[in-house]
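The structure appears right after this line, and notes come after that.
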Amino acid sequence: MRTPRIRSRSLAGQLFAVQIVLVAAVVAGCAAFAWISDRAEAEKAARRQVTATATAVAASPAVAAAAGAKDPSRELQPYAERVRHDTDVDFVTIMSPRGTRWTHPDPARIGEPFLGHTGPALEGRVFAETYTGTLGPSVRAVAPVRDRNGRVTALVSAGITVDAISARHRRQVVALLVFAAAVLALGGAGTYVLNRRLRRHTHGMNATELARMHDYHEAALHAVREGLLMLDGQRRVALVNDGGRELLGLRGTDAVGRHVTELGLPRSLTDALLAPEPRVDELHLTADRTLVVNTSPVSGGQRRGTVVTLRDHTELQALSGELDSVRGFAEALRSQAHEAANRLHTVVSLIELGRAEEAIGFATAELELAQALTDQVVAAVAEPVLAALLLGKAAHANEHGVELLLSPDSHVDDGLLPPALPTRDLVTVLGNLIDNAVDAAGPRPGDGLPAGAARVTVTVRPDGDDLLLRVTDTGPGLAPGTADEIFRRGWSTKGPGAAAAHGHGLGLALVRQAAVRNGGTVEAGRAPSGGAEFTVRLPLGAGAVAPGDAGERP
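Heads up: the sequence shown is residues 13 to 566, going by our numbering.
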């Protein structure tokens, strides 16, 4: 039979037990110290009290006068009793130098010898002692009574019994114990309240479980590739794992404790992190990455912070761009196949009608028209990826009623592009710029543009140590003051509603990201034709040459 595992007491419970023991020990120690000190202080106080009483009685002229009378007890007994009651002592005994009592609380004891020492008093000194007399153990003082000549004519003894001192001390101890119990109860209540709060914060776990959870927490943070960012209620970074540092470009900086606005993140991403409402699968761009951001507020009656998860969408976005390009190529091939079928049907029909010469002329003209752009692109752009992209975009533009032209000075030799410049980024840059230009220049109902007026011109050539990519269109151009806004995520010529609903507004942001990632620049302006002009420069390194020198290269 398996024995049940006994779970150790929670951390809050352990601390509560320790604190209760400490409070009890402190209170008990203080009570013991107070009891001992009060006992000693009570005896000292009794000695001072009886010494003062005996000295005062011995100095009384009435006592000195009565000491010389034939019957001292008749005058001194009432006086001694008054003094005893007024000074709250247990006895005041006035005696002869030989020790015969003249006064006593018990009148039957008058005339009997005094029980105690009188030697120091007979020598003229006041002294105190603890001695057992007729009333039991007592603290007493003996003082001499002197006449005018200084001779000791009587002795005065005042005392308090030990039982009376103990009774006083017991009353003080009772008060002390009541106070100690109140302190213990108050300390226990305060400790209980604090440990209830601690139990709530530690969820009833013990020290071993908390340590194990901390180890798992640290291991999970370092093992998870996705980024994790936690913000406190003041929007300051409370925690960030290794993946979050890498995705946000925070390596080498101490991000914990800094406000979100101090991290140097793009404006759109900063706004998403500061937003009070949750964000789900939002796409945001940093300098070199595309991130999918999810935020979830942490609340418990009040806002306590935000949990942010980050996923790297850069590779997927690049693959998506390549897939769009491939889809564009497929559409271009479909369109060309459809057009080729129409032309072939026309040629066949002309031959069936017996117009062979017209069929040959039509076929030759169509072939020369279709081959002209292909020959121009292949002759000017030896890079196969760029050439395929331009041919595919030309067919796509033709479907939208836009003519795609390659500028005469365009020239890219095979091997010009360095290995450090990914062709994927070239497809991203040039493909998005051409798509935007085709959308901007495309004819619209009621614009009154003549046929063939919609054009997009592409320039691809080395310029010094850079690769120059320029796309111009005959569209309406950029609105004044939007040159900086167009590269922001979500900006689109179709308006913010279209950008949000159809995914527009990301292309130009990806263009700038790809350019910056490769150390290049991107500029937007107005073309001589009145449309928009975008110029991207990407560094080539030492292998770049000017267009005029192309023929001199080996």
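The C-beta atom is built at its ideal place from N, Cα and C for all residues, glycine as well. In this text the structure is predicted, and so the values were computed from the model without any measurement.
{"Item": "Cβ neighbour criterion (16 or more within 10 Å) applied to Ala170", "Value": "buried"}
{"Item": "CB contact flag (Ile446, Val390, <7 Å)", "Value": "no"}
{"Item": "Phe139 (DSSP reduced to helix, strand or coil)", "Value": "strand"}
{"Item": "Rounded separation between Gly202 and Arg121 - CA only", "Value": "60 Å"}
{"Item": "C-beta contact flag for Leu442 and Leu550 at 7 Å", "Value": "no"}
{"Item": "Completely contained beta strand (DSSP E) runs for the region 241-279, where each covers 3 or more residues", "Value": "249-252"}
{"Item": "DSSP bridge partner residues for Ser541 (one or two, in chain order)", "Value": "According to DSSP, which records beta bridges pairwise, Ser541 is partnered with nothing at all."}
{"Item": "Residue range of the unbroken alpha helix (DSSP H) whose run includes Leu417", "Value": "From DSSP, Leu417 is part of no alpha helix (DSSP H) but of the beta strand (DSSP E) over Glu415 to Leu418."}
{"Item": "Asn161 (DSSP reduced to helix, strand or coil)", "Value": "coil"}
{"Item": "Cross-strand partners of Glu239 (DSSP beta bridge)", "Value": "Before going further, note that residue 239 is Gly rather than Glu in the sequence given. In DSSP, Gly239 forms a bridge with Leu322."}
{"Item": "Residue burial classification, Phe546 (beta-carbon count within 10 angstroms, cutoff 16)", "Value": "buried"}
{"Item": "Residue range of the unbroken alpha helix (DSSP H) whose run includes Arg94", "Value": "Pro84 to Thr99"}
{"Item": "Residue from Val157, Thr130, Asp100 and Ala133 with nearest C-alpha to Val69", "Value": "Val157"}
{"Item": "Rounded C-alpha distance that separates Glu289 from Asp244", "Value": "15 Å"}
{"Item": "Beta-carbon spacing of Asp485, Ala449 below 7 Å", "Value": "yes"}
{"Item": "Reference Pro308, options Arg291, Ile172 and Thr302, closest by Cα", "Value": "Note that residue 308 is Ser in the sequence shown here, rather than Pro. Looking at the Cα atoms, Arg291 is the closest of the given residues."}
{"Item": "Proximity test, Pro434 beta-carbon vs the ligand COA heavy atom, cut-off 6 Å", "Value": "What this structure holds is no ligand at all, so the ligand COA is not there to describe."}
{"Item": "Residues that Ser308 bridges to, as DSSP identifies them", "Value": "Val319"}
{"Item": "Contact under 7 Å by Cβ, Ala284 with Glu294", "Value": "yes"}
{"Item": "Presumed contact (8 Å Cβ cut-off) between Thr318 and Glu238, rounded CB distance", "Value": "Not really, about 16 Å apart at Cβ, beyond 8 Å."}
{"Item": "Gly41 to Arg60 span [Cα, whole Å]", "Value": "28 Å"}
{"Item": "Bounding residues of the beta strand (DSSP E) (the contiguous stretch that carries Val450)", "Value": "From DSSP, Val450 is part of no beta strand (DSSP E) but of the alpha helix (DSSP H) over Thr435 to Ala453."}
{"Item": "Residues that DSSP places opposite Asp475 in a beta bridge", "Value": "Asp478"}
{"Item": "Outcome for Ile172 when other beta-carbon atoms lying within 10 angstroms are tallied against a minimum of 16", "Value": "buried"}
{"Item": "Run of the alpha helix (DSSP H) containing Arg524, from where it starts to where it stops", "Value": "Gly519 to Arg529"}
{"Item": "Pick from Ala77, Thr298 and Arg183 that is closest to Val164, judged by C-alpha positions", "Value": "Ala77"}
{"Item": "Reduced DSSP category for Asp102 - H, G, I as helix; E, B as strand; rest coil", "Value": "coil"}
{"Item": "Between the CA atoms of Val305 and Val7 - distance to the nearest angstrom", "Value": "Since the first residue shown for the chain is 13 and the last is 566, residue 7 is missing from the structure and cannot be characterised."}
{"Item": "Rounded distance between the beta-carbons of Ala153 and Ala66, thought under 8 Å", "Value": "4 Å"}
{"Item": "Alpha-carbon to alpha-carbon, Val186 and Ala166", "Value": "42 Å"}
{"Item": "Sequence-distant residues of its chain with Cβ nearer than 8 Å to Leu240 (five each side left out)", "Value": "Leu233, Leu251, Val252, Asn253, Gly255, Gly256, Val319, Val320, Thr321 and Leu322"}
{"Item": "Assigned exposure category for Gly542 - 16 Cβ within 10 Å defines buried", "Value": "exposed"}
{"Item": "Short Cβ contact (7 Å threshold) for Val468 with Leu416", "Value": "yes"}
{"Item": "Counted within 10 angstroms of its Cβ, other Cβ atoms place His582 as buried (16 or more) or exposed", "Value": "The structure shown does not extend to residue 582, since the chain is modelled only from 13 through 566, so no value can be given for it."}
{"Item": "Closest Cα partner of Gly487 within the set Leu481, Asp477, Ile498 and Pro455", "Value": "Pro455"}
{"Item": "Between the CA atoms of Ala432 and Ala527 - distance to the nearest angstrom", "Value": "13 Å"}
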